[in-house]
Amino acid sequence: MVAFKPKAKTQSNIAEQRQAVQTQPSDLVVVARIGAAYGVKGWVKLHPFSNSPDALHHAKTWWITPYLGTESSDTQTNALTWSVFSPLTFKAHADAWVAQCREWTDRSDAEKHKGWQVAVSRADFPQPDEDEFYWVDLVGAQVINQDGVCLGVIDSLLENTAQTVMSISSPENKAAPQYLIPFVSAFVGEVDLQSTPKTVQVIWDVDATA
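Numbered according to the UniProt record's numbering, the sequence shown spans residues 1 to 210.
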């Protein structure tokens, strides 16, 4: 009887097997974009979309796909085909962030993925501190003012040098005004993300500047 020696598993084989067995989550959130290669051992520069990229630190699995030229909506994100990668290191370096995944072993691997989007499952986000909220959870919430008037729903959040601002619109009434309300305690009261629909209470007059 002849015993055959099994083929050695290459990094490419491992990556293919991992991608075959892992099911793409339905709650992927795009959190960063891959920049230029860094060094010669498969490291890349990473551009997180948040000043505090806790989700990238916390997640044991990253999902990446080529960049489409615009930021993906939830519907687009779920429709894309994502490849799964295992981050080994993610850290600040000078004024940037750098990362290495198990599947990237040299500069060529890193260069192939320049410009790709990085997503993690919402379930992999760390628990936020009390009175802190992830933007992805706030989007879609109804905004109700002190008079019980629904101003619309949060369609996005913007960040300037001073504060985070909610962009509020009414999908069912295109003629309705759009409101830009700072997400600070002076204007925001109770935030209920467990109710259906989600709600955010604000102090904001309907005749205030939108």
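Glycine residues also receive a C-beta, built at the ideal position from the N, C-alpha and C atoms.
As a quick exercise: from the options, pick the residue whose alpha carbon is nearest that of residue i.
| i | options | result |
| --- | --- | --- |
| LEU88 | SER121, LEU180 and TRP62 | TRP62 |
| GLU103 | LEU157, THR161, GLN117 and LYS112 | LYS112 |
| SER195 | VAL143, TRP116 and GLU172 | VAL143 |
| ARG122 | ASP109, GLY115, SER86 and ASP54 | ASP54 |
| ALA94 | LYS174, TYR38, ASP207 and VAL165 | TYR38 |
| ALA96 | VAL139, ILE34, SER86 and TYR67 | ILE34 |
| LYS91 | HIS47, GLY115, GLU132 and TYR67 | HIS47 |
| SER183 | PRO177, LEU157 and TRP116 | What sits at residue 183 in the sequence shown is Phe, not Ser. Among PRO177, LEU157 and TRP116, the Cα nearest to that of PHE183 is on LEU157. |
| LEU138 | LYS114, PRO177, VAL165 and TRP116 | VAL165 |
With DSSP run on the structure shown, which of helix, strand or coil describes residue i?
| i | result |
| --- | --- |
| VAL206 | coil |
| HIS47 | strand |
| GLU111 | helix |
| LEU193 | coil |
| ASP155 | strand |
| ARG33 | strand |
| TRP104 | coil |
| LEU68 | coil |
| VAL139 | coil |
| ALA96 | strand |
| ALA55 | helix |
| MET1 | Note on MET1: pLDDT 35, under 50, position unreliable in the model; no value is reported. |
Taking 7 angstroms as the cut-off, decide whether the C-beta atoms of residue i and residue j are in contact.
| i | j | result |
| --- | --- | --- |
| THR199 | ASP205 | no |
| LYS45 | ALA32 | no |
| THR105 | GLY42 | yes |
| GLY148 | SER169 | no |
| LEU28 | ALA119 | yes |
| GLN117 | TYR67 | yes |
State the Cα-Cα distance for the pair residue i and residue j, rounded to the nearest angstrom.
| i | j | result |
| --- | --- | --- |
| HIS58 | PHE125 | 7 angstroms |
| VAL202 | ASP155 | 16 angstroms |
| ALA186 | GLN163 | 12 angstroms |
| LEU56 | VAL30 | 10 angstroms |
| ASP136 | GLU159 | The displayed chain sequence assigns Val, not Asp, to residue 136. Going by the C-alpha atoms only, they are around 14 angstroms apart. |
| VAL40 | ASP129 | 38 angstroms |
| PRO171 | TYR179 | 13 angstroms |
| PHE85 | TYR134 | 23 angstroms |
| SER167 | LEU80 | 26 angstroms |
| PRO197 | ALA141 | 7 angstroms |
| residue 211 | LYS174 | For residue 211 there is no data in the structure shown, the boundaries of the chain being 1 and 210. |
| GLN22 | ASP109 | 21 angstroms |
| ILE181 | ASN145 | 11 angstroms |
| SER72 | CYS150 | With a pLDDT of 48 at SER72, under the threshold of 50, the predicted position of this residue should be treated as unreliable, though the coordinate-derived value follows. Going by the C-alpha atoms only, they are around 27 angstroms apart. |
| THR161 | ASP131 | 20 angstroms |
| ARG107 | GLN24 | 27 angstroms |
| GLY115 | CYS101 | 16 angstroms |
| LYS60 | SER26 | 17 angstroms |
| GLU177 | SER52 | Residue 177 is actually Pro in this sequence, not Glu. Approximately 32 angstroms, taken between the alpha carbons. |
My understanding is that residue i touches residue j, with C-beta atoms under 8 angstroms, so please give their C-beta distance in whole angstroms.
| i | j | result |
| --- | --- | --- |
| SER83 | THR65 | 7 angstroms |
Consider the Cβ of residue i: report whether some Cβ of chain C lies at a distance smaller than 7 angstroms.
| i | result |
| --- | --- |
| GLN127 | In the structure shown, chain C does not exist; there is a single protein chain. |
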